[in-house]
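First comes the structure, then the notes that go with it.
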Amino acid sequence: MSIRNWPEGERPREKLLALGAAGLSDAELLAIFLRVGVKGRSAVDLARDLLNGFGGLRQLLEADRTRFCAEHGLGEAKYVQLQAVLELSRRHLASQLERGGALTSPALVRSYFASQLRHLGHEEFAALFLDSQHRVIRFESLFRGTLDSASVYPREVARRALELGAGAVIFAHNHPSGIAEPSDADRRITERLREALGLLEIRVLDHFVVGDAEVVSFAERGWI
C-alpha cells in the first residue's frame with residue numbers, strides 16, 4: 001500500500017510534524033530522505049530493507065559510494081544528498097563551538113567529537129584548544145595512526161598549545177574497533193600529556209574516547 005493511503009497519523013512526514021523528528025524510527029526518518037519507494041514497496045518498506053541489508057543506520061550512512069549506489073532504490077543522486085546532509089550536521093555542531101564561545105555543555109563537546117571521529121576507519125587523535133576562560137580557540141586533528149594505534153607526542157601538543165595561546169585543552173580519539181573502553185596506553189598517554197602541559201600551566205580538562213555506541217569521558221571516570 002502506498003504511504004499516501006496510510007492513516008495520516010502514521011505517515012512519516014505528518015508524524016514528524018506532529019511529534020518532532022525524535023519521535024520517528026530510523027526507518028521512518030530514512031523514508032523521508034528517500035521520498036519514494038520502489039515498485040511494490042513503500043518508502044518505509046525500502047528503508048527497512050536497506051537498514052537490514054547494511055546492518056544498521058550507521059553502516060548505511062558511512063557506506064562508501066560504490067557500496068551505497070549498488071543498492072536498489074539508491075544511486076549517485078541519493079549519495080550526494082546524503083553526504084551533503086551529513087556535512088551540514090557536522091557543520092551545525094561545529095558552529096555551536098565557534099571561536100570565542102565559552103563551553104557550557106559537555107554533551108555538545110561529546111557530540112561534536114563523535115561527529116568528527118566516529119566514522120573514521122583509522123585511529124585519530126584530536127584536541128579542542130581553549131583559552132583560560134574555556135572559550136574555544138580551535139579544534140585540530142593532531143595525530144593519525146593505524147587501525148589500532150596512534151603515536152602521540154606531548155612535545156608537539158605542547159608546542160601547538162603555546163602557538164595558539166591555549167590555557168586549557170580537551171583531547172579525543174576514536175577506536176576503530178568500535179569499543180570505546182580506554183586502554184592502559186590511553187591512560188598513560190593522557191597522564192603524560194597532563195604532566196607536560198601542566199608544566200606550562202595549561203589544564204587538560206578531559207579526554208574522550210569515541211566508539212560506535214559510546215563516548216567515554218576520562219573526567220567522568222575520575223581519571224582527570
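Numbering-wise (UniProt numbering), the sequence shown opens with residue 1 and increments by one.
Here a beta-carbon is modelled for each residue, glycine too, at the ideal position from N, C-alpha and C.
Min CB distance residue i to chain C below 8 Å
i, result
"Ile202", "Among the chains of the structure shown, chain C does not appear; only one protein chain is present."
Residue span of the alpha helix (DSSP H) that contains residue i, given as start and end
i, result
"Asp186", "184 to 198"
"Leu82", "76 to 95"
"Asp49", "43 to 54"
"Ile109", "For the record, residue 109 in the displayed sequence is Val; it is not Ile. Element bounds for Val109: 106 to 117."
"Lys15", "12 to 19"
"Glu71", "Unbroken run through Glu71: none, as it is neither H nor E."
Endpoints, the beta strand (DSSP E) within which residue i is located
i, result
"Ile32", "No beta strand (DSSP E) contains Ile32, which is instead part of the alpha helix (DSSP H) from 26 to 34."
"Glu124", "124 to 130"
"Ala172", "168 to 174"
"Phe143", "136 to 144"
"Val216", "215 to 217"
"Arg203", "203 to 210"
Within 8 Å, strictly: CB atoms of residue i and residue j
i, j, result
"Leu46", "Leu61", "no"
"Ser89", "Ser115", "yes"
"Ala158", "His134", "no"
"Phe218", "Ala172", "no"
"Ala126", "Leu103", "no"
"Asp186", "Gly165", "no"
"Phe54", "Ala43", "no"
"Pro176", "Gly121", "yes"
"Glu124", "Arg138", "no"
"Gly12", "Ala31", "According to the sequence as given, residue 12 is Pro; it is not Gly. Against a cut-off of 8 Å, the Cβ pair of Ala31 and Pro12 comes out as a contact."
"Leu51", "Glu71", "no"
"Phe129", "Ala180", "no"
"Arg192", "Pro154", "yes"
"Arg58", "Tyr79", "no"
Distance, residue j Cα to residue i Cα
i, j, result
"Glu156", "Ala84", "34 Å"
"Leu16", "Ile202", "46 Å"
"Leu205", "Leu29", "36 Å"
"Leu108", "Val215", "12 Å"
"Ala94", "Asp212", "20 Å"
"Leu117", "Glu10", "35 Å"
"residue 257", "Leu200", "No answer is possible for residue 257: the residues shown for the chain start at 1 and end at 224."
Presumed contact (8 Å Cβ cut-off) between residue i and residue j, rounded CB distance
i, j, result
"Val210", "Asn174", "4 Å"
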